[in-house]
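Below is one structure, written out as structure tokens, with a few remarks after it.
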Amino acid sequence: MLDENIMNNQTRVCHVTSAHPRHDPRIFYKECRSLAEHAFDVVLLVNDNLPDETIDGVKIKSTRFVPRNRYERMIKSKKHIKKLMREIDADIYHFHDPELLPEAAWIKKKSKKVIFDFHEDVPQQILFKNWIPQKSRKIISRLYLKYEKKIVKNLAALVSVTPQIVEKLKCSNPNTVMITNYPILRNKEENTKNRYRGKNICFAGGISPQWNHENIIKAIESIEGVE
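With the working numbering, the residue at position 117 of the sequence shown is 124, and numbering never jumps.
The structure is reproduced here in structure tokens:
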């Protein structure tokens, strides 16, 4: 059972992810820690086999299930996630992965407030997924979009990362807001003092072929003084 040392008058918020690591910059550092700093009771529910822990006021709860492939993550892990969601019994559930749309609809029926966080434009992203057969991508994208619209129109709020995605989502749910992936500058004076001088380009994120780093590096090679 979960610890019960939280004051009754605190609003409990549970962030749920089936795919992201427990220390994900957007979910843990930007959203969960910010809520904890504003006196919310925050639980982060993740898929891994690491021990439960509390960091900066955020209680991290693990399903103790490590998916070996996409099928296990998108199908098998759900029973573990739902079991912990019941135990956590939060006031607000904040989801982070497209495959969790059914869980968002399920927990909403239990009179919970539900927020869905779209890190990407999922219907567009499906069109470029290498693991989906190319001939099937368009129809899967259309089917997903139809299902997404059906679910999100009834949720308490939606969150996304860019103005373009936010405007698209507002067509389904007007209560859509933008939380960008910009760095959090806690000490602005120190960050200004130590910043790099000259023409510097910085990418903050994962290093993988889909982000086209090699193409970007080739594109800036001819620009003098860029680092």
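Backbone N, C-alpha and C define an ideal beta-carbon position, used for all residues, glycine too.
Kindly list the residues whose CB is nearer than 8 angstroms to the CB of Arg80, restricted to its own chain and excluding five residues on each side of it in sequence; keep chain order.
Correct list, in chain order: Ser25, Ala26, Asn54, Pro74 and Glu106.
One question on the structure: do Asp48 and Arg19 come within less than 8 angstroms of each other, judged by their Cβ atoms?
In contact: Asp48 and Arg19 (Cβ atoms closer than 8 angstroms).
Write down every uninterrupted run of the alpha helix (DSSP H) in the region 63-131 whose length is 4 residues or greater and which is fully enclosed by it, in chain order.
Here the runs fully enclosed are 84-95 and 108-115.
Using only alpha-carbon positions, find the residue among Pro216, Lys206, Gly212 and Gly213 that is nearest to Glu228.
When only C-alpha atoms are compared, the closest one is Lys206.
Suppose the cutoff is 8 angstroms on Cβ atoms and the five residues either side in sequence are ignored; what does the same chain contact list for Met92 look like?
Closer than 8 angstroms at the Cβ level, and outside the excluded window around Met92, lie Cys21, Val23, Leu52, Tyr100, Glu110 and Ile114.
Can you tell which of Ser179, His45, Ser167 and Leu192 has its C-alpha closest to the C-alpha of Ile158?
When only C-alpha atoms are compared, the closest one is Ser179.
Name the residue from Ser118, Asn137 and Ile191 whose alpha carbon lies nearest to the alpha carbon of Ala97.
Nearest C-alpha to Ala97: Ser118.
Taking the alpha-carbon of Lys68 as reference, which of Lys89, Val121 and Arg193 has the nearest alpha-carbon?
The residue with the shortest Cα to Cα distance from Lys68 is Lys89.
Is Ser148 helix, strand or coil by DSSP?
Helix, per DSSP.
How far does the alpha helix (DSSP H) with Val173 in it reach, from first residue to last?
Element bounds for Val173: Pro170 to Lys177.
For the alpha helix (DSSP H) containing Ala226, list its first residue and its last residue.
It spans His220 to Ile227 - the alpha helix (DSSP H) in which Ala226 sits, taken as one unbroken run.
Return the chain-ordered list of same chain residues with a C-beta closer than 6 angstroms to the C-beta of Glu234, the five sequence neighbours on each side being excluded.
Cβ within range, chain order: Asn207.
Between Pro216 and the ligand FAD, is the CB less than 7 angstroms from at least one heavy atom?
The ligand content of the structure shown is nil, which means the ligand FAD is not present either.
May I have the straight-line CA-CA distance separating Cys39 from Val129, to the nearest angstrom?
Their backbone Cα atoms lie some 23 angstroms apart in a straight line.
What number of angstroms, rounded off, separates the C-alpha of His87 from the C-alpha of Ile122?
Going by the C-alpha atoms only, they are around 20 angstroms apart.
Run the CB neighbour count on Ser84, radius 10 Å, all protein chains shown included, and call it buried at 16 or more, exposed below.
Classification of Ser84: buried, given that the 10 Å Cβ count is 16 or more.
Below 8 angstroms on the Cβ atoms is my contact criterion, and I expect Ile191 with Val166 to pass it. Report the Cβ-Cβ distance as a whole number of Å.
Contact flag wrong, Cβ pair sits at about 16 angstroms.
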